[in-house]
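Numbering (the working numbering), first residue to last: 209 to 368. No residue lacks a Cβ here, since even glycine has one placed at the ideal position from N, Cα and C. Since the structure comes first, as structure tokens, the remarks are kept for the end.
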């Protein structure tokens, strides 16, 4: 397997001596995070997607939730103390974060945003999320992740 170039997220993990494991997938036969998790051989409950939102106050927030879940906007707003919250438009993602859709990492964004990790992460020693490039993910201990970003844990997904 060819070694990919290091992403900003991976460089930051290494700079802070945070242990991580890289996960890769190749090809474009995936349509969502569950497909990505399956292609990498990972548990979709342990693989997290990174969502960027905007509150009524115009502040931005990042939510990390399992790829097989949907963000509950009411719970999300409560978690960050906003009246309401909405997803940003896809075209705003790159200028705001430096990342593209499908390759957005909570680590190494252009600016540090308050990040909420879904409480289901407590069930795992490590979680897997984008390393900042489509096809590359990293597996990291959530406690270590909190050394790099402003991280809180809440239940912010819709019930099934």
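So, for residue i: in the same chain, excluding its five sequence neighbours on each side, which residues have a beta-carbon less than 7 Å away from its beta-carbon?
i	result
residue 327	361, 362, 363
residue 280	364, 365, 366
Are the beta-carbon atoms of residue i and residue j separated by less than 9 Å?
i	j	result
residue 264	residue 293	yes
residue 336	residue 347	yes
residue 233	residue 248	yes
residue 323	residue 275	no
residue 250	residue 231	yes
residue 261	residue 295	yes
residue 329	residue 313	no
residue 325	residue 272	yes
residue 218	residue 340	yes
When DSSP builds the beta bridges, which residues end up paired with residue i?
i	result
residue 263	293
residue 273	257
residue 323	270, 359
Put residue i into one of helix, strand or coil per three-state DSSP.
i	result
residue 222	helix
residue 305	helix
residue 338	strand
residue 229	strand
residue 210	Low per-residue confidence applies at residue 210: pLDDT is 47, beneath 50, and the placement is therefore not dependable enough to give any value.
residue 345	strand
Could you check which residue in the options has the C-alpha nearest to that of residue i?
i	options	result
residue 319	350, 342, 306	306
residue 355	315, 343, 333, 345	315
Give every residue of the same chain whose Cβ lies closer than 6 Å to the Cβ of residue i, excluding the five residues on either side of it in the sequence, and list them in chain order.
i	result
residue 331	none
residue 349	334
Starting from the C-beta of residue i, find all residues in its chain whose C-beta is less than 8 Å away, skip the five residues before and the five after it, and write them out in chain order.
i	result
residue 342	308, 310, 311
residue 298	309
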